[in-house]
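Numbering (this note's numbering), first residue to last: 700 to 825.
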């Protein structure tokens, strides 16, 4: 079977993995946990730029967790596809969240800096 292309759809990857829906969900969860931990250490990392020993270590941990739940392990190409995609998606969502937080804090600061206005008072404003 040819290796899974990096642009493959999720359904194609699941079919190539041979995992059922429940098993696939667990695989997705385990890889997301590993990707989140990786991004906590280095927010700018990409799967392609990681050293081979780090990649193998992550793959071993994910496959060990799958085996602990009696789920068959996944091939290298499926694992590579998933980790590349997960890291990219998590970085995008983190970027959106930080932009949203920055926008919220700047709009709050703008409101605080505005002078307080009072309604028209005929006695005071004469």
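Beta carbons: idealized from backbone N, C-alpha and C, even for Gly.
Since the structure is predicted, the reported quantities are computational estimates derived from the model, not experimental observations.
Length of the line joining the Cα atoms of residue i and residue j
i, j, result
"residue 776", "residue 791", "23 Å"
"residue 731", "residue 785", "6 Å"
"residue 742", "residue 717", "32 Å"
"residue 788", "residue 821", "59 Å"
"residue 803", "residue 796", "11 Å"
"residue 794", "residue 815", "34 Å"
"residue 714", "residue 745", "25 Å"
"residue 753", "residue 738", "13 Å"
"residue 759", "residue 798", "35 Å"
"residue 824", "residue 735", "60 Å"
"residue 765", "residue 801", "39 Å"
Selection from the options that minimises the alpha carbon distance to residue i
i, options, result
"residue 710", "825, 795, 737 and 780", "780"
"residue 763", "744, 818 and 725", "725"
"residue 701", "774, 737 and 748", "774"
"residue 748", "729, 818, 735 and 782", "782"
"residue 733", "712, 766 and 756", "756"
"residue 727", "778, 705, 766 and 708", "778"
Local Cβ density within 10 Å of residue i, reported as buried at 16 or more and exposed below that
i, result
"residue 761", "buried"
"residue 712", "buried"
Looking at C-beta atoms only, is the number of pairs between the region 701 to 721 and the region 767 to 778 that lie closer than 8 Å three or more?
-> yes
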